[in-house]
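What follows is a set of notes on a single structure, which appears directly below.
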Amino acid sequence: MASSAKSPEQVVEQFKTLYQTLNASNCKSDIVDGVYRQDVLFQDSFHRIEGLDEMKEYFNALYLNLKSSEFVFHDQWISNDSAMLTWTMTYAHDRLNKGRDISMDGSTEIRFDDKVFYHKDYFDGGSLLYEHVPVLGTVIKQLKKYMAK
1 MASSAKSPEQ VVEQFKTLYQ TLNASNCKSD IVDGVYRQDV LFQDSFHRIE
51 GLDEMKEYFN ALYLNLKSSE FVFHDQWISN DSAMLTWTMT YAHDRLNKGR
101 DISMDGSTEI RFDDKVFYHK DYFDGGSLLY EHVPVLGTVI KQLKKYMAK
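Note that the UniProt record's numbering gives residue 70 to position 70 of the sequence shown, counting from 1, and the numbers run on in steps of one.
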């Protein structure tokens, strides 16, 4: 691995700043390029995205439909070339939860050299999306109650 010009702490801070400032007007800009490598691999409960251009297209589609989005980072564990961060995301979307805020907790694993080349998010897909879709949300919530008995 090549020697990094940034410290691991700087890479993590730049990553956090990106998610605290990302919105529909800047999600295809150089601020994304400053954090991610061209060959980035992104994964979450719904997506597997390969490459910076595809990731910027994903951000564009995602943020275009959000009324608001906010990340609050909590704990972080950093090593020389990887980190794990916990967070709470609060967002609003016209088609979910009657347009009201939705909050959920999650965590992110990143691997990096000078930039992030691997990003994996861990969260409950039901809390993020399914529970807030009309009709389906009621079914999911009832199923969770049933499974808890």
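Every residue gets a Cβ at the ideal spot worked out from N, C-alpha and C, and that includes glycine.
| query | result |
| --- | --- |
| Inter-residue spacing [alpha-carbon to alpha-carbon] between tryptophan 87 and serine 7 | 22 Å |
| Residue interval of the beta strand (DSSP E) (run including phenylalanine 112) | 102 to 112 |
| Burial state of threonine 108, where buried means 16 or more other Cβ atoms lie within 10 Å | buried |
| Beta-carbon proximity check, lysine 16 vs lysine 56, cutoff 8 Å | no |
| Beta strand (DSSP E) segment containing phenylalanine 73, residue limits | 66 to 78 |
| Collapsed DSSP secondary structure at histidine 132 in the structure displayed | Here the model assigns histidine 132 a pLDDT of 46, short of 50, so the residue's position is not dependable, and the following value carries that caveat. Correct three-state label for histidine 132: helix. |
| Sequence ranges, beta strand (DSSP E) only - wholly within the stretch 22 to 48, length at least 3 | 36 to 43 |
| For tyrosine 91, the residue or residues it bridges with in DSSP | Ser69, Ile102 |
| Beta-carbon separation (whole angstroms), isoleucine 102 vs valine 12, contact threshold 8 Å | Actually they do not touch by this definition, with Cβ atoms about 26 Å apart. |
| Straight-line gap, leucine 96 to aspartate 39 (C-alpha atoms, nearest Å) | 33 Å |
| Top-ranked residue by Cα proximity to aspartate 53, from Lys67, Asp30, Phe73, Leu66 | Asp30 |
| Reference serine 25, options Phe112, Ser68, Gln76, closest by Cα | Ser68 |
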